[in-house]
Amino acid sequence: MAAFEGLANLEIWKRLDEIRNRLIWSAVALVAMFGVSYMYTPYILNQISEKLNQLVFLSPGEAFFARLKLAFVMGLILTAPYILWHIWRFAGHGLKKSQRRSAFWLIPISFLLFSVGAAFAFFVVAPVALRFFLSFASTEMEALISIQALTNFVIGLVIPFGLMFELPVLMLFLAKIGIVTPESLVKNRKYAILIIFIAAAVLTPTPDAIAQIALAIPLILLYEISIVIIKIVWRKRLREAARSRE
Amino acid sequence: MTRVEPLSDELNMEQELVTEEVAESALDVPAVEPIETVEYGTGEEEKVKLMSLVGHLTELRQRLIISLLCFFGGSIFGWFYATPFIQYIGKNVGPFVFVSPSEAFLALLKLSLAIGLVISSPVLLAQLWLFIMPGLLPREVFFFRRYVPLIMLLFLVGLVFAHFTVYPIALKFFLGFGSAKLEAKLAISRFLGFFLAMHLPFGVMFELPVVLLTLVKAGLLRVEFLIKQRKVAYLGAFVIGALLTPPDPVSQVLMAVPMLVLYEISLFLARRVKPIAEEVVQKSVLGGED
C-alpha cells in the first residue's frame with residue numbers, strides 16, 4: 008500500500024497527468040477553432056476568388072475537401088498560440104523565474120509576427136501574384152481555376168510568409184543565447200540577404216520571381232529591424248554588466 | 006603536320022586526315038592510347054600535341070558560355086512563338102484551359118525553353134562535337150561522322166511520322182468520346198504532356214534499325230536469332246508500346262505497328278551486314294595467303 012502511495016506521489020505521474028490534460032485541452036481548442044474557421048471559409052474563398060471570373064471543381068469531393076483543408080489550416084494557425092502556451096507552461100517547470108519572465112512575450116510576439124506575415128501574403132501578395140498569372144489567359148488558354156489549386160496556392164503563400172516573418176524572434180533568441188552578436192549580423196549581411204533570397208525562392212509555391220521578391224524584401228527589412236533591436240538589448244546588457252561590476 | 010589547339014580549322018583538318026582509306030584500315034589497327042604520338046598508318050606520321058588540362062577547361066568554359074547564350078537567346082525567341090505554337094496545336098482541340106493559377110505561365114515558360122532547346126540544338130551539338138572530337142581516334146571520328154547524322158535523321162523522321170499519322174489518329178479517337186454533355190476542356194499542362202508522349206517515343210523508336218544493325222555488326226546478335234525470335238520481338242513491341250505511350254490500347258497499337266515494320270526493315274538490312282569479327286578474320290586469312 009505504502010509502496011503504491013509512494014508511486015502515486017512520484018513527480019512523473021503528475022507530469023504525465025498534466026501532459027494528458029494539456030493535450031486534451033489543445034485538441035478541444037483545435038477542433039473548436041476548426042469548426043469556427045469552417046464557418047468563415049466562404050468569406051475567405053470569396054475574398055480570394057474576387058479576381059476570378061469563375062471557380063470550378065473538377066472532382067466531386069473537391070469543393071468540400073478544399074474547404075476542409077482551408078478550415079484546418081486556419082484552425083491550426085488560430086490555435087497555435089494556445090498550444091504553444093500549453094507547451095510553454097509545461098516546459099516552464101524546469102526554468103527559473105527570471106528565465107520564465109524573459110520569455111513571457113515570446114508567444115504573443117511570434118503570433119503577431121506570423122499574423123502580419125500571413126495577412127501581407129493574403130491581402131497583398133496573393134492578389135498581385137494571381138493577377139500576374141491570370142494575365143496569361145488568352146483565347147487559346149482560358150482561366151478555369153479549380154478551387155483545390157487556388158486553395159493550395161493561397162495556403163502555399165500564407166504559411167511560408169507567416170513562418171518567415173518569425174525571423175526577428177529567431178534572431179533575438181540567437182542573440183540572447185549569444186550565438187550571434189550585432190557585429191556578426193552586420194558583417195554577414197551579404198550572406199543573410201543571399202540566404203533570404205534562396206529561402207524565399209524555395210518556400211514560395213511558384214517558380215516566378217514575384218512571390219520570391221515579395222517575401223525577400225520584407226524579410227530584409229525585418230533583418231535590419233532585428234539588428235537595431237538586438238543592438239539596443241546588447242547595449243542595455245553591457246550597461247547592466249558594467250553596473251554590476253562596480 | 007602539327008596540331009596545336011585547333012579550334013576553327015579542326016573540321017577541315019580532320020577531313021584531310023580521315024580519308025576513306027585511313028578509316029577502313031583503322032578498323033583492324035589495335036587501339037593505340039593517344040598519349041603522345043599516334044601513328045595512323047598512312048606512312049606519314051601525325052603528331053598530336055595534347056592540350057593541357059587548363060587548356061581543356063578553358064575551352065570547356067568557352068563552349069559552355071556559347072551554348073548557354075544560344076540556349077537563352079533561343080528561349081527568348083521561343084517566348085514569342087509559344088503562344089502561336091499553342092494556337093497551332095489547339096486548332097482541332099478547342100481552347101485550352103488552365104486549372105491552377107500558375108499553369109498558363111508555366112506552360113508558356115516550359116514551351117519557350119523547349120523551343121529554345123530545339124533552335125539552339127545545332128549549336129549545342131556542334132559545340133559538343135568540337136569539344137570531344139580532338140580526343141577521338143580517326144576511326145571513332147569516322148564512326149560518329151557516319152552514324153550521328155543518321156541517328157538524328159531517324160529521330161526526326163520518327164517525330165514527323167508521329168505528328169502526321171499517330172498523333173491525329175489518337176487525338177481524334179480520344180476527343181471522339183466528347184459529347185454535348187461531355188465537353189472537352191483540356192488543361193494546357195496535361196495536353197502538353199500528352200503531346201510530348203505522342204511524339205518523343207516515336208523518335209526513340211525509329212532508332213531501332215540503328216540499334217539492331219549495330220548489334221549485328223558487333224557480332225552480339227545473329228540475323229538467324231532475330232528471325233527465330235520474331236514472335237518474342239512482336240510481343241516486345243506491344244509491351245514497349247504499352248509502356249511508352251499513354252495507358253490506352255489505341256496509342257499502344259499505333260506505336261507497336263510501326264515498330265514491327267521497323268523490325269522487319271532492320272532484318273532486311275541486317276541480312277546484308279557482315280559482323281566486324283568475320284570481316285577481320287577474312288581479312289587476316291586473305292592477308293596470310295598473300
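Residue numbers (this note's numbering), protein chains in the order written: chain S, 8 to 253; chain G, 6 to 295.
Idealized CB from N, CA, C, for every residue including glycine.
Quick caveat: nothing in here was measured; it's all calculated off a predicted structure.
Helix, strand or coil for residue i? Go by DSSP, reduced to three states.
i: S/Leu62; result: strand
i: G/Val102; result: strand
i: S/Gly68; result: coil
i: G/Ala192; result: strand
i: G/Asn97; result: coil
i: G/Val221; result: helix
i: G/Ala185; result: coil
i: G/Arg280; result: Checking the displayed sequence, the identity of residue 280 of chain G turns out to be Pro instead of Arg. Note: G/Pro280 maps to coil in three-state DSSP.
i: S/Glu247; result: helix
i: G/Leu231; result: helix
i: S/Asp24; result: helix
i: G/Gly252; result: Checking the displayed sequence, the identity of residue 252 of chain G turns out to be Pro instead of Gly. Here G/Pro252 sits in coil by DSSP.
i: S/Ile236; result: helix
i: G/Val215; result: helix
i: G/Gly241; result: helix
i: S/Phe172; result: coil
i: G/Ser107; result: coil
i: S/Thr213; result: coil
i: S/Thr86; result: helix
i: S/Ile202; result: helix
i: S/Trp241; result: helix
i: G/Glu145; result: helix
i: S/Val43; result: helix
i: G/Thr63; result: helix
i: S/Leu181; result: helix
i: S/Ile186; result: coil
i: G/Ser125; result: helix
i: G/Asp33; result: Low local confidence applies: a pLDDT of 47 at G/Asp33 is under 50, so the model's placement there is unreliable, with the coordinate-based value given in what follows. Coil at G/Asp33, not helix or strand.
i: S/Leu229; result: helix
Below 8 Å on the Cβ atoms is my guess for residue i versus residue j; work out the distance and round it to an integer in Å.
i: S/Val193; j: S/Ile239; result: At roughly 14 Å, the Cβ-Cβ gap does not stay under 8 Å, so S/Val193 and S/Ile239 are not in contact.
i: S/Phe172; j: S/Phe121; result: 6 Å
i: G/Phe211; j: G/Val162; result: 6 Å
i: G/Leu159; j: G/Val237; result: Not really, about 23 Å apart at Cβ, beyond 8 Å.
i: G/Phe136; j: G/Arg68; result: 5 Å
i: S/Leu229; j: S/Leu174; result: 5 Å
i: G/Val221; j: G/Val278; result: 5 Å
i: G/Leu231; j: G/Leu274; result: Actually they do not touch by this definition, with Cβ atoms about 11 Å apart.
i: G/Ala167; j: G/Phe207; result: 4 Å
i: S/Gln155; j: S/Glu69; result: 5 Å
i: G/Gln234; j: G/Ala247; result: Actually they do not touch by this definition, with Cβ atoms about 19 Å apart.
i: S/Ile116; j: S/Val176; result: 6 Å
i: S/Met81; j: S/Ser142; result: Between S/Ser142 and S/Met81 the Cβ distance is about 29 Å, and since that is not below 8 Å, they are no contact.
i: S/Leu65; j: S/Ser153; result: 5 Å
Would you check if the distance between the CB atom of residue i and the CB atom of residue j is smaller than 9 Å?
i: S/Ala125; j: S/Phe160; result: no
i: G/Phe147; j: S/Met148; result: no
i: S/Leu222; j: S/Phe168; result: yes
i: S/Phe129; j: S/Asp215; result: no
i: G/Phe103; j: S/Ala73; result: no
i: S/Leu157; j: G/Ser57; result: no
i: S/Phe41; j: S/Phe79; result: yes
i: G/Ile91; j: G/Leu116; result: yes
i: G/Ser107; j: S/Pro49; result: no
i: G/Ser72; j: G/Leu129; result: yes
i: S/Leu52; j: S/Leu77; result: yes
i: S/Val187; j: S/Ile237; result: yes
i: S/Ile94; j: S/Arg196; result: no
i: G/Leu267; j: G/Leu213; result: yes
i: G/Ser194; j: G/Leu111; result: yes
i: G/Ser125; j: G/Phe85; result: no
i: S/Ala218; j: S/Ala206; result: no
i: S/Ile55; j: S/Ala150; result: no
query = Are there three or more Cβ pairs, one per stretch, closer than 8 Å when the region 29–43 of chain S is compared with the region 85–102 of chain S?
reply = yes
message = Three or more C-beta pairs under 8 Å: does that hold for the region 54–63 of chain S against the region 91–109 of chain S?
response = In short, these stretches do not touch, since the Cβ pair count stays below three.
task = Go through the region 104–165 of chain S residue by residue and report every complete run of the beta strand (DSSP E) that reaches 3 residues or more, in order.
result = 148–150
key: the region 225–239 of chain G / the region 180–192 of chain G touching (three or more Cβ pairs under 8 Å)   = no
ask   = Can you find at least 3 beta carbon pairs, one from the region 164–178 of chain G and one from the region 199–214 of chain G, that sit closer than 8 Å?
value = yes
inquiry  = With a threshold of 8 Å, are at least 3 pairs of Cβ atoms found where one atom belongs to the region 115–129 of chain G and the other to the region 64–80 of chain G?
reply    = yes
Chain B contacts made by the region 71–103 of chain G, where a contact means CB separation under 8 Å = Protein chains S and G are contained in the structure displayed, whereas chain B is not.
query = Using 8 Å as the threshold, is the region 138–155 of chain G in touch with the region 230–246 of chain G, meaning 3 or more CB pairs across them?
reply = no
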